[in-house]
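Per UniProt numbering, the sequence shown runs over residues 1 to 497.
A virtual CB, placed ideally from N, CA and C, is assigned to each residue, including glycine.
The structure under discussion appears below in the form of structure tokens.
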Amino acid sequence: MYPLDGKELIYECIRCKQISDTESKYCENCISKNNEERYGRCKECNEIITGKNWCQTCNSKRFQQNFDKWTSGNDDIDKFIQNTQLSAKNCCQILEWIPYNRFNKPVFIAEGGFGKVHKATWKDGYISHWDTGKNQWSRLNKSKLVAIKSLSKSQNITMEFINEITIHLKIHRVKSPLQVIRCYGISLHPETKNYIMVMNYAEKGNLQNYLNKKRKKIKYKIGKWPQVNLDLNLQMWKSRFDILFSISSGLLKIHGKRLIHRDLHIGNIVCDSIPCITDMGLCKPANYNELENKEEMYGVVSYLAPEILRGGCYTQASDIYSFGIIIYVVISESPPYYNIAHNGFLAVNICEGLRPEFDIKVPQIILHLIKRCLDADPLKRPDIKELTRTFRRWQEEYNKYYKKNEENQEESTRTELIEQIEEVEKINKSLLNNSSMINKKHPEAIYKSIPFNYKNLPEPKNPDDYYKSYENISSKKYPEYVLKSDNSDDYESFRID
Ligand SMILES: [Zn+2]
Ligand SMILES: [Zn+2]
1 MYPLDGKELI YECIRCKQIS DTESKYCENC ISKNNEERYG RCKECNEIIT
51 GKNWCQTCNS KRFQQNFDKW TSGNDDIDKF IQNTQLSAKN CCQILEWIPY
101 NRFNKPVFIA EGGFGKVHKA TWKDGYISHW DTGKNQWSRL NKSKLVAIKS
151 LSKSQNITME FINEITIHLK IHRVKSPLQV IRCYGISLHP ETKNYIMVMN
201 YAEKGNLQNY LNKKRKKIKY KIGKWPQVNL DLNLQMWKSR FDILFSISSG
251 LLKIHGKRLI HRDLHIGNIV CDSIPCITDM GLCKPANYNE LENKEEMYGV
301 VSYLAPEILR GGCYTQASDI YSFGIIIYVV ISESPPYYNI AHNGFLAVNI
351 CEGLRPEFDI KVPQIILHLI KRCLDADPLK RPDIKELTRT FRRWQEEYNK
401 YYKKNEENQE ESTRTELIEQ IEEVEKINKS LLNNSSMINK KHPEAIYKSI
451 PFNYKNLPEP KNPDDYYKSY ENISSKKYPE YVLKSDNSDD YESFRID
């Protein structure tokens with residue numbers, strides 16, 4: 001993720017209306033006053049306490065006394081970690097150097113475009129506050145699982161890698177938002193010598209697994225209590241709105257800090273108690289510098305906005321496009337363009353207006369929102385505030401309707417959204433009964449970040465009937481040649497259900 005623009009930004013404190021340059025709702029003065037009212041003063045140094053159980057003055061001294069007791073082996077990283085410890089105003093703002101032997105039993109879980117992810121138990125857990133009685137750091141989540149992500153070639157570390165983690169920390173400045181995964185510290189793999197980011201481990205895995213589990217759980221419920229008359233598909237809509245609201249709230253936190261994620265795709269959404277966003281642009285080589293390597297771009301092709309495929313600059317609107325594809329995935333429960341190869345032909349077609357296809361009927365009101373997110377013109381895409389508000393409203397409407405339905409009450413909660421959902425579900429039922437619906441993944445449908453460099457892509461445009469036809473996202477069909485494949489026997493089935 002990167003700051004939206006390089007410009008110096010000016011902020012007005014919402015309490016005293018003074019102009020300041022700190023990226024925050026309140027000026028330093030008001031924050032201080034507010035902290036004093038809220039937390040009071042430190043019993044040891046009498047300074048104003050800066051966060052919950054956190055005195056910056058005292059804690060920075062405690063960290064400093066320990067600086068000569070650890071090193072990452074890289075001066076820049078040492079300084080970087082030290083700075084977070086000196087400037088932290090609460091426990092979410094610090095990073096630690098975590099020696100590799102503090103992890104138990106790493107188990108491989110995934111390989112991204114630029115590194116491997118393992119899960120492991122972290123013996124110590126993260127620092128929550130200073131325990132004055134015991135005279136040591138008090139830690140939470142001892143011996144809990146963390147995700148450790150090694151970044152290949154990161155021994156040639158650059159400031160860029162460090163800047164990225166800084167941005168990551170920025171999101172967790174005041175309070176840790178649940179919808180964005182937290183980073184606890186940095187470690188080093190003793191053999192590969194690759195640096196490792198230590199992050200919160202999301203118990204429920206990726207979004208695809210999460211959706212599959214939800215479906216199974218609902219099926220189980222239906223099997224066990226058939227008299228309750230639960231409808232699987234109607235239940236799934238409830239889960240979908242919950243998921244989409246959660247992801248959009250996470251992206252709102254990121255865009256709210258004037259940042260761009262740049263690499264949003266389903267693989268970067270992991271599920272803990274709720275789905276959350278991870279990989280704040282770290283999913284690229286740590287030694288990668290965008291300005292120096294203008295021609296080297298990375299991404300999951302099927303999630304990239306046409307202007308990015310053509311080599312344009314990342315914007316919040318290009319994040320919205322990627323989020324539009326995520327909305328498609330959450331609703332269709334299929335990866336985008338799973339039955340075709342993800343290559344230059346796909347890129348040309350995306351620029352010419354091709355979008356993923358639903359094989360189920362989707363309410364027009366939802367289709368319209370997805371269409372806007374996937375508009376070829378970035379200026380026509382909605383912003384994340386609007387999306388979050390919309391999902392919130394749909395979630396509420398649906399919950400109300402759902403509750404009434406369970407209590408067998410009638411009609412009063414049927415909004416336009418509900419009416420459309422009921423209507424499409426009647427059609428979907430017959431669709432599902434009539435076809436075998438076994439989806440096969442094309443061997444060249446790739447869902448991890450890869451380098452891309454497409455030359456001479458056409459100017460992005462919407463098909464003429466884009467906002468007129470509501471049969472599917474786009475009326476443009478896959479051309480014959482992209483559907484052809486010599487090794488169709490190698491197709492791999494992806495849908496678990
Ligand atoms: Zn102020
Ligand atoms: Zn103090």
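Review point. Would you call residue 430 buried or exposed, if buried means 16 or more other Cβ atoms sit within 10 Å of its Cβ?
Key: Numbered from its first residue, the sequence shown carries residue 430 at position 430. When all chains shown are included, residue 430 counts as exposed.
Practice item. With hydrogens ignored, establish whether the beta-carbon of residue 58 is closer than 7 Å to any heavy atom of ligand 2. Key: For the purposes of this step, residue 58 is identified with residue 58 of the sequence shown, where counting begins at 1. The closest heavy atom of ligand 2 lies less than 7 Å from the beta carbon of residue 58.
**Study point:** Simplified DSSP assignment, three categories, for residue 251
**Key:** Within the sequence shown, the letter at position 251 stands for residue 251. In this structure, residue 251 counts as helix in the three-state DSSP scheme.
Exercise for review: Indicate the three-state DSSP secondary structure (helix, strand or coil) for residue 282 in the structure shown.
Suggested key: Reading the sequence shown from its first residue, position 282 is the one you call residue 282. Note that residue 282 scores 41 on pLDDT, short of 50, meaning its location in the model is unreliable; the coordinates nonetheless yield the value given after this. If DSSP states are grouped into helix, strand and coil, residue 282 belongs with coil.
Review point. Hey, is residue 15 close to ligand 1, as in C-beta under 7 Å from one of its heavy atoms?
Key: Position 15 of the sequence shown, counting from 1, holds the residue named residue 15. At least one heavy atom of ligand 1 is nearer than 7 Å to the Cβ of residue 15, so yes.
Practice item. Give the range of the beta strand (DSSP E) segment to which residue 111 is assigned. Key: Here residue 111 refers to the residue found at position 111 of the sequence shown. It spans 103-111 - the beta strand (DSSP E) in which residue 111 sits, taken as one unbroken run.
Exercise for review: Using three-state DSSP, classify residue 319 as helix, strand or coil.
Suggested key: Position 319 of the sequence shown, counting from 1, holds the residue named residue 319. Of the three classes helix, strand and coil, the one that applies to residue 319 here is helix, per DSSP.
Check your understanding: Since residue 297 and residue 451 are thought to touch, with beta carbons under 8 Å apart, how far apart are those beta carbons, to the nearest angstrom?
Key -> Translated into the one-based positions of the sequence shown, residue 297 becomes position 297. Translated into the one-based positions of the sequence shown, residue 451 becomes position 451. Taking a contact as a CB-CB distance under 8 Å, the pair residue 297 and residue 451 counts as one, their CB atoms being some 7 Å apart.
Practice item. Determine the direct distance from the alpha carbon of residue 400 to that of residue 477, and round the result to whole angstroms. Key: Here residue 477 refers to the residue found at position 477 when the sequence shown is read from its first residue. Here residue 400 refers to the residue found at position 400 when the sequence shown is read from its first residue. In a straight line, the C-alpha of residue 477 is about 38 Å away from that of residue 400.
Check your understanding: Rounded to the nearest angstrom, how far is the Cβ of residue 42 from that of residue 58, given a contact under 8 Å?
Key -> Locating residue 42 in the sequence shown gives position 42, where the first residue counts as 1. Locating residue 58 in the sequence shown gives position 58, where the first residue counts as 1. Yes, residue 42 and residue 58 are in contact; Cβ-Cβ is about 6 Å, under 8 Å.
Review point. Does at least one heavy atom of ligand 1 sit under 7 Å from the Cβ of residue 26?
Key: Sequence index remark: in the sequence shown, residue 26 carries index 26 (1-based). Checking the Cβ of residue 26 against ligand 1 gives yes.
Point to revise | Spatially closest choice to residue 440 from 457, 367, 337, 392, by CA coordinates | key: Within the sequence shown, the letter at position 440 stands for residue 440. Here the closest residue by C-alpha is 337.
Point to revise | Distance between beta carbons of residue 348 and residue 457, contact taken as under 8 Å | key: Looking up residue 457 in the sequence shown gives position 457. Looking up residue 348 in the sequence shown gives position 348. Between residue 348 and residue 457 the Cβ distance is about 6 Å, and since that is below 8 Å, they are a contact.
Practice item. Take residue 133 as the anchor and find which of 44, 312, 265, 315 has the nearest alpha-carbon. Key: If you number the sequence shown from 1, residue 133 lands on position 133. Cα-wise, what sits closest to residue 133 is 44.
**Study point:** Sequence-distant residues of its chain with Cβ nearer than 8 Å to residue 269 (five each side left out)
**Key:** Indexing the sequence shown from 1 puts residue 269 at position 269. So the qualifying residues of the chain are 206, 207, 247, 275, 276, 277, 278, 326.
Check your understanding: Tell me which same chain residues have a C-beta within less than 8 Å of the C-beta of residue 379, skipping the five on either side of it?
Key -> In the sequence shown, residue 379 corresponds to position 379, counting from 1. If we look at residue 379 and ignore the five residues flanking it on each side, its Cβ neighbours are 317.
**Study point:** ligand 4 heavy atom lying under 7 Å from the CB of residue 35
**Key:** The model depicted lacks ligand 4 and carries ligand 1 and ligand 2 instead.
Exercise for review: Go through its chain and collect everything with a Cβ distance to residue 444's Cβ below 7 Å, but skip five positions before and after it.
Suggested key: Mapped onto the sequence shown, residue 444 falls at position 444. Excluding residues within five positions, the ones whose Cβ falls inside 7 Å are 341, 342, 343.
Exercise for review: Report, in whole angstroms, the separation of the C-beta atoms of residue 462 and residue 376, which I expect to be a contact under 8 Å.
Suggested key: As a first step, residue 462 is located in the sequence shown; it is residue number 462 there, counting from the start. As a first step, residue 376 is located in the sequence shown; it is residue number 376 there, counting from the start. Yes, residue 462 and residue 376 are in contact; Cβ-Cβ is about 5 Å, under 8 Å.
Review point. With a CB to CB cut of under 7 Å and the five nearest residues on each side skipped, what residues in its chain are close to residue 109?
Key: Reading the sequence shown from its first residue, position 109 is the one you call residue 109. 117, 118, 119, listed in sequence order.
Practice item. Over the uninterrupted beta strand (DSSP E) stretch that includes residue 120, give me the two end residues. Key: If you number the sequence shown from 1, residue 120 lands on position 120. Segment 116-122, the beta strand (DSSP E) holding residue 120.
Point to revise | Uninterrupted beta strand (DSSP E) stretches inside the segment 38-102 (no shorter than 3 residues) | key: none
Review point. Is residue 276 near ligand 1, in the sense that its beta carbon is under 7 Å from a heavy atom of that ligand?
Key: Translated into positions along the sequence shown, residue 276 becomes position 276. Distances from the CB of residue 276 to the heavy atoms of ligand 1 are all 7 Å or more.
Practice item. Find the nearest neighbour of residue 244 within the set 447, 137, 82, 390, judged by alpha-carbon distance. Key: Numbered from 1 along the sequence shown, position 244 holds the residue referred to as residue 244. Checked all of 447, 137, 82, 390; the closest Cα to residue 244 is 390.
Check your understanding: Based on the DSSP output, what are the partners of residue 147 in its beta bridges?
Key -> As a working mapping, residue 147 is identified with position 147 in the sequence shown. Residue 147 pairs with 119, 199.
Practice item. Can you check DSSP and say which residues form a bridge with residue 452? Key: One-based indexing of the sequence shown puts residue 452 at position 452. Looking at the DSSP assignment, residue 452 forms a beta bridge with 297.
Check your understanding: If you measure from the CB of residue 42, is any heavy atom of ligand 2 nearer than 7 Å?
Key -> Residue 42 sits at position 42 when you count from the first residue of the sequence shown. Answer for residue 42: yes, Cβ within range of ligand 2.
Review point. In chain order, what residues of the same chain have a beta carbon less than 7 Å from the beta carbon of residue 102, not counting five sequence neighbours either side?
Key: To locate residue 102, count along the sequence shown from 1; it is residue 102. Here the set comprises 122, 123, 124.
Review point. Is it true that the CB of residue 96 sits closer than 8 Å to the CB of residue 184?
Key: In the sequence shown, residue 184 corresponds to position 184, counting from 1. In the sequence shown, residue 96 corresponds to position 96, counting from 1. Between residue 184 and residue 96, the C-beta gap is smaller than 8 Å, which places the two residues in contact.
Check your understanding: Does the separation of the CB atoms of residue 83 and residue 54 fall below 8 Å?
Key -> Locating residue 83 in the sequence shown gives position 83, counting from the first residue. Locating residue 54 in the sequence shown gives position 54, counting from the first residue. Contact flag unset, no.
Check your understanding: If you draw a straight line from the alpha carbon of residue 181 to that of residue 144, how long is it in whole angstroms?
Key -> As a working mapping, residue 181 is identified with position 181 in the sequence shown. As a working mapping, residue 144 is identified with position 144 in the sequence shown. If you take the alpha carbons of residue 181 and residue 144, they lie about 15 Å apart.
Check your understanding: Should residue 499 be labelled buried (16 or more other beta-carbon atoms within 10 Å of its own) or exposed?
Key -> Here the chain covers residues 1 to 497 and nothing more, so residue 499 does not appear.
**Study point:** beta-carbon residue 29 near ligand 1 non-hydrogen atom, thresh 7 Å
**Key:** Translated into positions along the sequence shown, residue 29 becomes position 29. Yes; taking the cut-off as 7 Å, the Cβ of residue 29 has a heavy atom of ligand 1 nearer than that.
Review point. Is it true that the CB of residue 319 sits closer than 8 Å to the CB of residue 370?
Key: Along the sequence shown, read from residue 1 onward, the residue named residue 370 stands at position 370. Along the sequence shown, read from residue 1 onward, the residue named residue 319 stands at position 319. No, they are not a contact pair.
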